[in-house]
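A.B. asks: Take the position in the sequence shown, starting the count at 1, then add 2; the result is the number in this note's numbering.
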Amino acid sequence: MEHLKEQSANLVFSSLPSALQRRLSTSIKLSQLSAGKTLFDYQEAISYLYFPLNCVINLIYELDDGDELQVACTGSNDICGGAVFSGSKESMLRAEVLQAGTALLMPAKEALYWFHNEREFREPILKSISRIEHQTMAKVACNRFHTIQQQLCFWLLEVSDQIQNKVIDVTHEHIAGLLGVRREGISEAAHKLQLQGFIDYKRGHIKILNRKQLEQLSCECYHNLYSSG
3 MEHLKEQSAN LVFSSLPSAL QRRLSTSIKL SQLSAGKTLF DYQEAISYLY
53 FPLNCVINLI YELDDGDELQ VACTGSNDIC GGAVFSGSKE SMLRAEVLQA
103 GTALLMPAKE ALYWFHNERE FREPILKSIS RIEHQTMAKV ACNRFHTIQQ
153 QLCFWLLEVS DQIQNKVIDV THEHIAGLLG VRREGISEAA HKLQLQGFID
203 YKRGHIKILN RKQLEQLSCE CYHNLYSSG
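#1: Applying the criterion that 16 or more other CB atoms from any shown protein chain within 10 Å of the CB defines a buried residue, is His-207 buried or exposed?
#2: What are the start and end residues of the alpha helix (DSSP H) that includes Asn-167?
#3: Can you grab the Cα-Cα spacing for the pair Thr-40 / Tyr-50, in whole Å?
#4: Taking the alpha carbon of Pro-126 as the point to measure from, which residue in Ile-81, Ile-165, Lys-168 has its own alpha carbon closest?
#5: Once DSSP output is grouped into helix, strand and coil, what is the label at Ser-33?
#6: If we call anything under 9 Å between Cβ atoms a contact, is Ile-165 one with Glu-175?
#7: Locate the alpha helix (DSSP H) running through Leu-1, then write down its first and last residues.
#8: Under a three-way DSSP split, which group does Thr-180 fall into?
#9: How would you call Phe-147, buried or exposed, if buried means at least 16 neighbouring beta carbons within 10 angstroms?
#10: Check the DSSP bridge columns for Arg-96 and list the partner residues they point to.
#11: Closest to Gln-153 by C-alpha separation, out of Leu-181, Ala-37, Cys-75, would be which residue?
#12: How far does the alpha helix (DSSP H) with Gly-187 in it reach, from first residue to last?
#13: Could you tell me which of Gly-179, His-193, Cys-221 sits nearest to Gln-72, measuring between CA atoms?
#14: Could you have a look at Thr-40 and say whether DSSP puts it in helix, strand or coil?
#15: Quick one: what's got a C-beta closer than 7 Å to Phe-117's C-beta in the same chain, skipping five residues either side?
#16: Report the three-state DSSP secondary structure of Met-3 (helix, strand or coil).
#17: Counting only the same chain and skipping the five closest in sequence on each side, list residues whose C-beta sits under 8 Å from that of Val-142.
#18: If the criterion is Cβ atoms closer than 9 Å, does the pair Glu-98 and Ile-59 meet it?
#19: Go through the stretch 62 to 133 residue by residue and report every complete run of the alpha helix (DSSP H) that reaches 4 residues or more, in order.
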């Protein structure tokens with residue numbers, strides 16, 4: 003099918019054998035996802051398995067008082083909606099599009115069928131779920147022990163990796179909400195990075211100018227997760 007020409011943009015889908023990709027083609031569709039769109043919400047059933055192509059999706063945990071915290075983000079390296087394979091009928095997280103773009107969508111029922119009946123589909127899915135779990139654990143430690151500047155550098159590098167782009171469309175307020183810190187803290191850290199010439203920002207846009215310096219300022223969480231490429 004026409005949309006399979008773009009499948010190589012997603013690491014998980016492109017790792018599947020070509021013959022299996024063709025068999026899956028009748029079960030998937032290409033969809034444009036707009037920034038801010040909620041793909042599934044807390045305590046809602048997950049209807050689709052997502053293979054992001056050039057978008058970034060945040061996985062967000064919500065507390066009873068309304069406070070929220072980003073626990074992971076997924077893009078072209080992974081999947082979104084892997085909780086459907088756990089047997090749970092409801093999601094414990096909200097999935098929200100951070101960076102607009104496209105994704106391949108597979109109905110959850112179809113994904114479950116292939117997961118249980120095709121090893122070559124199941125194995126890369128499990129690897130992706132494991133990567134996201136490791137990312138979640140790293141973020142818990144990062145939010146607890148590392149400075150706001152370290153967290154910001156980690157976040158900028160991670161999102162940039164996911165979209166393969168140096169420009170990220172996001173506000174300081176949004177980043178602060180995702181990291182669970184004060185907006186003033188993010189603004190101060192971003193201002194320092196801009197004065198050093200490592201980033202440039204205007205309202206709603208952050209451009210990475212010196213990636214190597216951001217990597218040096220980031221904490222070990224980023225390096226431990228992504229140093230292997």
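Glycine included, each C-beta is placed from N, C-alpha and C at the ideal position.
C.D. replies: Working from what's here:
#1: exposed
#2: Here Asn-167 belongs to no alpha helix (DSSP H), and DSSP marks it neither H nor E.
#3: Taking the CA atoms as reference points, Thr-40 sits about 12 Å from Tyr-50.
#4: Ile-81
#5: The three-state reading of DSSP puts Ser-33 in strand, counting E and B together.
#6: no
#7: Here the chain covers residues 3 to 231 and nothing more, so residue 1 does not appear.
#8: Residue 180 is actually Leu in this sequence, not Thr. In this structure, Leu-180 counts as helix in the three-state DSSP scheme.
#9: exposed
#10: Ile-62
#11: Out of Leu-181, Ala-37, Cys-75, Leu-181 has the C-alpha closest to the C-alpha of Gln-153.
#12: 185 to 197
#13: Proximity to Gln-72 across Gly-179, His-193, Cys-221 peaks at Gly-179, based on C-alpha coordinates.
#14: strand
#15: In chain order, Phe-87, Phe-123, Arg-124, Ile-127 place their CB closer than 7 Å to the CB of Phe-117, counting only its own chain and leaving out the 5 sequence neighbours on each side.
#16: Only weak support is given to the placement of Met-3: the predicted model assigns it a pLDDT of 49, under 50, and the question is left unresolved by the model.
#17: Val-73
#18: yes
#19: 110 to 119
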